[in-house]
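**Q** If you use UniProt numbering, the sequence shown closes out at 352, no skipped numbers anywhere.
Sharing a structure, written as structure tokens. Questions coming.
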Amino acid sequence: GMGQASTRRPRLLLMGQRRSGKSSISSVVFHKMPPTETLFLEATTRIQKDPIHSFMDFQVWDFPGQLNFLDPTFDFDHIFGELGALIWVIDAQDEYLEPLSKLHSTILAIQRFYPAINIEVFVHKVDGLSDEYKLDTQRDIMQRTQDELSDNGLDNVQVSYYLTSIYDHSIFEAFSKVIQKLIPQLGTLENLLNILCSNSGIEKAFLFDVLSKIYIATDSSPVDMQSYEICSDYIDVIVDVSEIYGYDRKPQGQISSPTSEAPGEAQQEEEEAPLEASSIIRLQNGMVLYLREINKYLALICLMRKDSIEKQGLVDFNVQVFQNALQQVFEVGR
Ligand code: GDP
């Protein structure tokens with residue numbers, strides 16, 4: 019089943035200067051910490067290896083100085099060997115020339131030994147900055163990096179840049195883009211979501227990593243921030259309710275038949291096959307949110323008009339078809 023894909027979950031590593039915001043990002047995205055509480059976080063001092071029950075395998079590493087890949091006492095292969103993306107965090111509110119030069123030497127080293135790793139730069143803490151200053155900063159960082167790479171004969175290295183802050187959804191949006199590049203089945207997932215949407219009268223569908231609220235795929239209609247925010251807030255509610263009622267998450271790789279039970283009711287079924295959480299809520303503006311847990315890591319959330327859900331049997335059926343197809347996609351992918 020899909021759960022076994024956990025052995026090859028996309029691996030991400032977060033690096034950057036001390037105080038650049040790495041532990042804050044990790045706490046807000048993967049541990050649901052309110053952003054203001056990060057003010058009291060201890061600075062990162064070591065590689066963190068807490069297991070994260072997420073679709074992605076995520077670690078944080080404080081940049082210890084010069085990365086010396088020739089240092090025999092350090093097992094770089096262990097860290098970088100199966101890494102999908104290196105996310106480099108730069109504090110845009112602080113002096114960034116020195117951190118930038120560390121980024122550059124890291125890119126050069128990574129390129130030499132692990133050329134397949136995606137390099138993703140988070141120009142971070144942009145919440146305090148004017149729009150103009152944000153873009154200037156990003157442009158400056160891009161330009162300096164491009165120049166440095168060109169000087170070293172590496173004109174073709176792809177580096178991506180994102181403006182991020184833990185105080186809004188930009189950090190989740192950036193993670194979504196980073197993670198989507200690491201999913202070889204992305205095109206198929208998008209097609210399946212498109213089919214689901216058009217067959218069920220769904221306006222927008224997201225496949226979310228439940229723990230982090232990062233979406234790993236969506237249908238090809240444009241993402242507007244408001245629907246994304248509604249869907250991600252809804253996950254919080256459902257996860258909280260599931261936790262309160264002691265909902266037992268299904269073992270890896272097992273996908274049971276569809277149900278329309280609320281998470282609370284699922285609890286009574288504990289002895290039998292575990293059930294996915296599934297729920298529907300009507301919004302004031304006439305729209306409906308439809309959620310279905312797909313497996314241990316993923317949930318499908320759909321936004322639709324209320325007349326589409328009048329044929330709920332059809333929607334449930336189509337979602338089940340989608341869920342089965344998804345399972346096959348991940349199995350074939352292995
Ligand atoms: P680390 O050493 O890289 O792990 O950095 P921390 O996560 O400890 O963050 C250092 C400081 O930056 C903390 O006081 C955070 O509250 C603050 N910080 C982190 N992210 C943001 C952000 O997006 N915006 C703002 N304004 N401050 C942030």
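For every residue, glycine included, the Cβ atom is placed at its ideal position computed from N, Cα and C.
Mark P52 as exposed unless 16 or more other C-beta atoms lie within 10 angstroms of its C-beta, in which case mark it buried.
**A** Classification for P52: exposed.
**Q** Quick check: what's the CA-CA separation for I220 versus S119?
**A** In a straight line, the C-alpha of I220 is about 47 Å away from that of S119.
**Q** Which word fits P117, buried or exposed, when buried means at least 16 other C-beta atoms lie within 10 angstroms of its C-beta?
**A** It counts as buried.
**Q** Please give me, in chain order, every unbroken run of the alpha helix (DSSP H) with length at least 4 that falls completely inside the stretch 103-190.
**A** You should have 115-131, 149-169.
**Q** In terms of residues, what are the limits of the alpha helix (DSSP H) holding V47?
**A** Looking at the DSSP string, the run of the alpha helix (DSSP H) that includes V47 is 40-49.
**Q** On the CB-based measure, 16 or more other CB atoms within 10 Å of its CB, does K314 come out buried or exposed?
**A** It counts as buried.
**Q** Cα separation between T182 and K329?
**A** Cα to Cα, T182 sits roughly 40 Å from K329.
**Q** Flag this pair as yes or no: are the beta carbons of L332 and Y252 separated by less than 8 Å?
**A** No, the pair does not count as a contact, with Cβ atoms beyond the cut-off.
**Q** Should Q286 go down as buried or exposed, given a rule of 16 or more other Cβ atoms within 10 Å for buried?
**A** Only weak support exists for where Q286 lies, its pLDDT of 42 falling under 50; the value from the coordinates is given anyway. With fewer than 16 Cβ atoms within 10 Å of its Cβ, Q286 is classed as exposed.
**Q** Looking only at C-alpha atoms, which of K143, I128, V144 sits nearest to I137?
**A** Measuring from the Cα of I137, the nearest candidate turns out to be I128.
**Q** Using 8 Å as the threshold, is the stretch 173-193 in touch with the stretch 38-48, meaning 3 or more CB pairs across them?
**A** Judged by Cβ distances under 8 Å, the stretch 173-193 makes contact with the stretch 38-48, as three or more pairs qualify.
**Q** Kindly list the residues whose CB is nearer than 7 Å to the CB of L210, restricted to its own chain and excluding five residues on each side of it in sequence; keep chain order.
**A** Here the set comprises F340, A343, L344.
**Q** Would S230 and S38 qualify as a contact pair, given that the criterion is a beta-carbon distance under 8 Å?
**A** Not closer than 8 Å, so no.
**Q** What I want to know is whether the C-beta of Y185 ends up closer than 7 Å to one or more non-hydrogen atoms of the ligand GDP.
**A** Yes, the beta carbon of Y185 sits closer than 7 Å to at least one heavy atom of the ligand GDP.
**Q** Could you name the residues that DSSP lists as bridge partners for R323?
**A** DSSP lists M305 as partners of R323.
**Q** Taking the straight line between their C-alpha atoms, what separation do you get for M160 and L321?
**A** Approximately 37 Å, taken between the alpha carbons.
**Q** On a CA-only basis, which of E100, T155, F226, T54 is nearest F76? Give me that one, please.
**A** Of the listed residues, the one whose Cα sits closest to F76 is E100.
**Q** Which stretch, first to last residue, makes up the alpha helix (DSSP H) that contains S218?
**A** First-last of the alpha helix (DSSP H) with S218: 204-218.
**Q** Pick helix, strand or coil for M74, following the three-state DSSP scheme.
**A** Coil, per DSSP.
**Q** Would you tell me roughly how many angstroms separate the C-alpha atoms of G264 and L172, rounded to the nearest one?
**A** Its pLDDT being 46, under 50, G264 is placed unreliably in this model, and the value from its coordinates should be taken loosely. Each residue's Cα considered, the two are about 53 Å apart.
**Q** Would you say F144 and I108 are within 8 Å of each other, going by their C-beta atoms?
**A** Here residue 144 is Val; the residue named in the question, Phe, does not match the sequence. Going by C-beta atoms, V144 is not nearer than 8 Å to I108.
**Q** I want to check one thing, is the minimum distance from the CB of G219 to the heavy atoms of the ligand GDP below 7 Å?
**A** For the ligand GDP, not one heavy atom lies less than 7 Å from the Cβ of G219.
**Q** Going by C-alpha to C-alpha distance, which of N303, L301, E311, M305 sits closest to A295?
**A** Ranking the options by Cα distance to A295, first place goes to E311.
**Q** Quick one: give me the first and last residue of the beta strand (DSSP E) that I298 is part of.
**A** It spans 296-300 - the beta strand (DSSP E) in which I298 sits, taken as one unbroken run.
**Q** By the 10 Å Cβ neighbour count, where 16 or more other Cβ atoms means buried, how is residue 3 classified, buried or exposed?
**A** Outside the shown range of the chain, which is 19 to 352, sits residue 3, and nothing can be said about it.
**Q** What residues are listed by DSSP as bridge partners for T236?
**A** Answer by DSSP bridge pairing, in chain order: F224.
**Q** Note the first and the last residue of the continuous alpha helix (DSSP H) segment covering residue 384.
**A** Residue 384 lies beyond the residue range present for the chain, which begins at 19 and ends at 352; the question has no answer from this structure.
**Q** I want to check one thing, is the minimum distance from the CB of K143 to the heavy atoms of the ligand GDP below 7 Å?
**A** Within the cutoff, so yes.
**Q** Nearest to S166 by alpha carbon, out of V196, H122, L147, L57?
**A** Reading off the sequence shown, one finds Glu at residue 166, where the question assumed Ser. The residue with the shortest Cα to Cα distance from E166 is H122.
**Q** Just confirm the distance between the C-beta atoms of L30 and V196, as a whole number of angstroms; I'd bet it's less than 8 Å.
**A** About 7 Å; that satisfies the 8 Å criterion.
**Q** Give a single yes or no on whether T206 has its beta carbon closer than 7 Å to a heavy atom of the ligand GDP.
**A** Checking the Cβ of T206 against the ligand GDP gives no.
**Q** With distances taken from CA atoms, which of L147, S168, H142 is nearest I125?
**A** Ranking L147, S168, H142 by Cα distance to I125 puts S168 first.
**Q** Could you name the residues that DSSP lists as bridge partners for L318?
**A** For L318, which the question treats as bridged, DSSP gives the partners L225, R310.
**Q** Quick check on DSSP: helix, strand or coil for R29?
**A** Of the three classes helix, strand and coil, the one that applies to R29 here is strand, per DSSP.
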